[in-house]
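See structure below.
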Amino acid sequence: MRKSLIKFAPLALAVCTSAAFADDSSGVTLYGILDTAVANIQHNANFDSYFPVTGNPTPVNNTAAPHSVTGMVNGGLSQSRWGIKGQENLGSGLKAIFKLESAVNVPTGTLSNAAIGVANGGTASQDSAISGQLFSRGAFVGLSSDTWGTVTAGRNTSFFLDNMAITDPLGEAQDFSPLGYSGSYGGGGNTDDSRVDNSIKYEYSLGRFTLGGLYKFGGVAGYTAAQNAFQLDGTYVDGPLAVQLGYEEFHDALHVDGQGTLGTATNGYLATPGVTPGVGTLNVTASNTKAFLLAARYDWRQTTVNAGYERQEFTDPSNPAADHVTSIFGIPVAGVKTAQYGSQFNLNVLWIGATQHITRAFSLTAATYHVGKDSYTSGITGSTIGAAAENYYTLLADYRLSRQSDLYAGLMKVNTSGSEANMGNRIIGAGFRHAF
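Residue numbers in the sequence shown follow our numbering, run continuously in steps of one, and reach 436 at the last position.
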C-alpha cells in the first residue's frame, strides 16, 4: 500500500503546513521497488556492490574473465529504488507536481554508484547514469494542465528510456534485457543520454497522439551549444496498438570508459593537470550522438507482442575545448578523449518478443535482440575498428503473488561475432520483487 508521508513524524510538520493550502486531490506519496535475485554469470569478474546491476551479463572478454561467478544481484527485473512524489491542485485543471527518486543496491544497502565502482577498479562495473547522486533516477518540479499538457524541469528521464519501458518485451529488465541493462542501448547513446540533467521536458496529448520534446541546457561559459541536447517524441495509441517514434541529438555527451590511466599517443586521453591517474579517478570520452527510434506494442487477448528498431550515430564532439571536465559524478577525471572517431560509428539495435499470460498470475516471455556495430576509423591511430554483432536470447517466467509482489526466473544468452568474438556470455537467475 502506498503511504502518505504525513504518517512519518519527521516530515509531518512540513506536510501539514503544505496541506493547509491544498484540497483532497493534493498530497505526497512515498513509493518504491525492492528487487533482488541470486544469479550465475558465465564470464564475469567479482560482483561489484556499488554497480546498479551488481554484475555484467552482457559481452565480456572471455580471456580476461574466464570464470563464472554466483551471488546476489540487485534488481534482476527492476532497478531497486525509493522515491517521493506529490502534487498540489491549483484549480482550473492545473497542478504543481514534483518527484525525487533514488536508486539503491538492496544486497548491500548502498546508494547505486557505477562510477565509483569503475574508479575503484571494479571490473564488473560499467558506465551508467546511476552514479551516486542522491536522486539519481530523477528529480524534477513542474506543472501539469488538463488542457495544455505537462512540463517538468530538472533531471528528467529521456523519452527513449520512457519508451523502452513500454516496447521492450522484458520491460527493461536489468539482468535479462540489453535495453534494460545498458543506458546506451536503452537511452540512445552515452552516459548523459538516458537521464538528462538540467533539462526541460514537455508532453501534450491530443486524441490518440501524445507529443513530447526535451531540451538540455549545457551551462558552459563561452560555448552556447556545448553539452546541450534535444529530443522529440511521438506516441500513437489505438486500443491494443501502441506505436512510438523518437529522435534525439546530444552534443559533447560524456561516457565513462574506465579507471583513470596515463594518456598516451595510442589511447588519446589528454591528461587533467593536477590529477594523478589510478584508483579513485576516471577516464572519459566526449562525443556527439544522434539516435532514432521506432517501436510498437500490440496486445491480443492473453498475448503481448513487442518489436522495435533503434539507430545510434557517434561522431567526435562539436566543442572539444569545452569538454575537458575535471570531475564527473564528483570523481576526479584523469583524462578526456575528444578524438575517438575518425569516421562516424553507427550502431543498430533490433528486437522482437512476446509475453503469454498462461494464467492471471503466471506469464512467460521470450525475446531476441540484435545489436549490429559497423566498422569505423579510429581518430587516434587511424586504424579500422572492425564490425561486430551481439545476439541476445532471453526467456523469463514471472509469477505474481499479488499486485505488488512477484517471483521470477530467467535466462539470457548472448553470442558475439566480428571484433567482439570470444565475448559471449550467459546469465541464469531467480529473484523476488516487491513494490510499495
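Using N, Cα and C, we set each Cβ at its ideal position, and we do this for glycine too.
What are the partner residues of T272, as DSSP defines its beta bridges? According to DSSP, T272 shares a beta bridge with no other residue.
For the ligand SAM, any of its heavy atoms closer than 7 Å to the Cβ of G186? Summarising the ligand content, the structure contains no ligands, and the ligand SAM is consequently not present.
Suppose the cutoff is 7 Å on Cβ atoms and the five residues either side in sequence are ignored; what does the same chain contact list for A22 look like? For A22, the pLDDT reaches just 44, beneath the cut-off of 50, and the residue's location in the model is therefore unreliable, although a value from the coordinates is still provided. Correct list, in chain order: E88, N89.
Determine the DSSP secondary structure at P10, reduced to helix, strand or coil. Confidence at P10 is low in this model, with a pLDDT of 38, below 50, so its placement is unreliable and no value can be given for it.
Would you identify the three-state DSSP class for V256, choosing helix, strand or coil? In this structure, DSSP gives V256 an extended state, which the three-state scheme calls strand.
Residue range of the beta strand (DSSP E) that includes N163: No beta strand (DSSP E) holds N163; the alpha helix (DSSP H) holding it covers 159-167.
Counterpart residues of S26 in DSSP-defined beta bridges: None; S26 has no bridge partner.
Go to L179, then tell me how far its beta strand (DSSP E) extends in each direction, as first and last residue. Boundaries around L179 are those of the alpha helix (DSSP H), 178-181, since no beta strand (DSSP E) includes it.
Candidates R137, Y376, G86, of which the one nearest D192 by Cα: Comparing Cα positions, the closest option is R137.
In whole angstroms, what separates the C-alpha of G91 from that of Q133? G91 and Q133 have their C-alpha atoms some 34 Å from each other.
N- and C-terminal bounds of the alpha helix (DSSP H) containing A114: Here the alpha helix (DSSP H) through A114 covers 114-119.
Have a look at the DSSP bridge pairing and note the partners of D398. Looking at the DSSP output, D398 sits in a beta bridge with S363, Y408.
Contacting residues, own chain, Cβ-Cβ under 7 Å from I385 (five flanking each side not counted): Closer than 7 Å at Cβ, skipping near neighbours: S375, Y376, S378, S419.
Sequence-distant residues of its chain with Cβ nearer than 7 Å to V220 (five each side left out): The beta carbon of V220 sits closer than 7 Å to the beta carbons of A226, Q227, A322 from its chain, once the five residues preceding and following it are set aside; these are given in chain order.
Smallest Cα separation from T416: which of D162, S125, T58, V196? In this structure, T58 is the residue among D162, S125, T58, V196 with its C-alpha nearest to the C-alpha of T416.
Any idea if S363 is buried or exposed, counting beta-carbon neighbours within 10 angstroms, 16 or more meaning buried? It is buried - the Cβ of S363 has at least 16 other Cβ atoms within 10 Å.
Should G178 go down as buried or exposed, given a rule of 16 or more other Cβ atoms within 10 Å for buried? The amino acid occupying residue 178 in the given sequence is Pro; Gly does not appear at that position. Buried, since its Cβ has 16 or more Cβ neighbours within 10 Å.
Using the C-alpha atoms, what's the distance from T150 back to S199? Each residue's alpha carbon lies about 14 Å from the other.
Secondary structure of Y438, DSSP reduced to three states: With the chain covering 1 to 436 only, the question about residue 438 has no answer from this structure.
A129 and F140 closer than 8 Å at C-beta: One thing to note: A129 has its Cβ no nearer than 8 Å to the Cβ of F140.
Please report the straight-line C-alpha distance between R155 and S184, rounded to a whole angstrom. Approximately 17 Å between the Cα atoms of the pair.
Starting from S199 and walking both ways along the beta strand (DSSP E), at which residues does that stretch end? Membership of S199 in the beta strand (DSSP E) is indicated by the continuous run 195-206.
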